[in-house]
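In our numbering, the protein residues as written are 63 to 370. Quick reminder that beta carbons are idealized off the backbone N, C-alpha and C, glycines included. No experiment lies behind these values; they were computed from the predicted model shown.
Right, here's the structure in full:
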């Protein structure tokens with residue numbers, strides 16, 4: 063059984079009559095990388111702010127490690143946050159920004175630990191420079207370092223690769239996978255689907271303030287992999303032929319007329335021929351490939367149901 067460390071119960075937020083986030087029920091599990099996908103304005107930042115205790119909810123609750131975060135605000139200290147733009151002091155160096163935050167949190171941060179943190183985010187050679195000289199990508203790296211200060215149990219990141227060049231994106235990806243391997247729970251909001259798909263173990267799709275779907279990495283990859291779709295009068299009659307004659311094992315009945323085949327070696331002509339010879343009427347057969355973008359667009363235009 064998976065260890066739930068954060069639970070959102072009917073969590074919502076309204077600003078001056080405008081609902082930024084409709085009630086959300088969601089469980090987040092220890093050691094997972096949860097990717098929150100949505101267009102700009104979908105409610106991603108609002109959800110992360112509520113999750114991290116930066117704003118108060120209009121309704122619902124957040125439970126962290128099975129305790130109410132509203133009643134016990136100290137639970138938020140176990141989180142590292144980078145939501146929207148990191149709060150940095152431009153006249154100070156990256157090192158001094160980290161040291162200042164450590165002092166504010168009452169941490170006894172040693173020089174070596176701060177330098178190690180700067181190195182982890184790729185700022186080993188820039189830590190003593192003033193932040194006002196940093197590029198946008200360097201500021202993002204420093205923001206991640208600030209979020210990691212104190213070795214939090216949960217890391218919450220809003221668009222962490224914003225402004226990074228290709229090498230920077232790879233570096234941050236490797237860092238997050240390293241933290242994941244060490245057992246840290248990571249929640250990331252992003253609109254860059256391709257990059258998020260490389261690291262997340264589970265995904266939540268937000269659309270117009272609603273959590274329309276939660277899907278595992280395996281489920282997402284299955285939906286997006288190449289497949290053969292067959293429309294039939296009687297899909298059940300096709301199964302003995304697919305399994306017995308063609309040796310096909312990876313398939314799924316979608317509805318009363320649609321069957322999908324996921325076997326990588328399956329070919330259209332042999333399938334069509336075998337079904338026709340077996341007396342199964344085929345209305346249509348086609349190979350499909352759904353991209354991540356198509357999958358996302360389908361979910362955010364159909365108003366699907368949440369599957370948590």
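task: Could you name the residues of the same chain whose beta carbon sits closer than 6 Å to that of residue 263, not counting the 5 residues immediately before and after it, in chain order?
output: Excluding positions up to five away in sequence, the list reads 94, 95 and 279.
query: Using the beta-carbon count (16 or more within 10 Å), is residue 362 buried or exposed?
result: buried
field: Nearest residue (CA-CA) to residue 137, options 127, 145, 258 and 144
entry: 127
message: Closest to residue 334 by C-alpha separation, out of 258, 282 and 301, would be which residue?
response: When each option's Cα is compared against that of residue 334, the closest is 301.
task: Would you give the residue range spanned by the beta strand (DSSP E) that residue 396 belongs to?
output: This structure leaves residue 396 out entirely; the chain is present only between 63 and 370.
query: So residue 338 is in the alpha helix (DSSP H); what residue range does that whole segment cover?
result: Under the DSSP assignment, residue 338 falls in the alpha helix (DSSP H) whose first and last residues are 330-339.
- prompt: Are three or more beta carbon pairs between the region 218-237 and the region 186-193 nearer than 8 Å?
  reply: no
message: I need the straight-line Cα distance from residue 131 to residue 120, nearest angstrom please.
response: 15 Å
message: Can you list, in chain order, the residues of its chain with a C-beta nearer than 7 Å to that of residue 84? Leave out the 5 residues immediately preceding and following it.
response: 74, 271 and 272
- request: Identify which residue in 90, 86 and 77 has its Cα closest to the Cα of residue 64.
  value: 90
task: Using a Cβ cut-off of 9 Å (strictly closer), state whether residue 137 contacts chain C.
output: Of the protein chains in the structure, only one exists, and it is not chain C.
Entirely enclosed beta strand (DSSP E) segments - the region 68-92, minimum 3 residues: 80-91
query: Are residue 167 and residue 212 close, meaning C-beta to C-beta below 9 Å?
result: yes
Length of the line joining the Cα atoms of residue 247 and residue 215: Cα to Cα, the separation comes out at about 6 Å.
field: Cross-strand partners of residue 266 (DSSP beta bridge)
entry: 98 and 276
- request: Spatial neighbours of residue 314 within its chain, please: CB distance less than 6 Å, with the 5 preceding and 5 following residues excluded, ordered by chain position.
  value: Same-chain partners within the cutoff: 322.
task: Check residue 197 in the structure and name its three-state DSSP category.
output: coil
field: Identity of the residue in 239, 309, 193 and 267 nearest residue 105 by Cα
entry: 267
Buried versus exposed, by CB contacts within 10 Å (16 or more), residue 229: Residue 229 comes out exposed.
task: Below 7 Å CB to CB, which residues in the same chain sit around residue 111 once its five sequence neighbours on both sides are set aside?
output: 117 and 145
query: Could you check where the beta strand (DSSP E) with residue 251 kicks off and where it finishes?
result: 247-252
- request: Could you check which residue in 149, 122 and 113 has the C-alpha nearest to that of residue 140?
  value: 113
task: Using three-state DSSP, classify residue 324 as helix, strand or coil.
output: coil
query: Roughly how many angstroms lie between the CA atoms of residue 77 and residue 103, to the nearest whole one?
result: 13 Å
Coil, strand or helix - residue 285 by DSSP: helix
Contact check, residue 256 vs residue 350, beta carbons under 9 Å: No, the Cβ-Cβ distance between residue 256 and residue 350 is not below 9 Å.
task: Pick helix, strand or coil for residue 350, following the three-state DSSP scheme.
output: strand
- prompt: When DSSP builds the beta bridges, which residues end up paired with residue 313?
  reply: 323
message: Can you give me the C-alpha to C-alpha distance between residue 88 and residue 360, rounded to a whole angstrom?
response: 22 Å
query: From 71, 161, 181 and 251, pick the residue whose C-alpha is nearest to that of residue 107; which is it?
result: 251
message: Beta-carbon within less than 8 Å of residue 269's beta-carbon, same chain only, minus the 5 sequence neighbours each way: which residues are those?
response: 100, 101, 104, 361, 362 and 365
- request: Just the C-alpha distance for residue 115 and residue 98, rounded to the nearest angstrom, thanks.
  value: Rounded to the nearest angstrom, the two C-alpha atoms are 17 Å apart.
query: Who pairs with residue 220 in a beta bridge, going by DSSP?
result: 251
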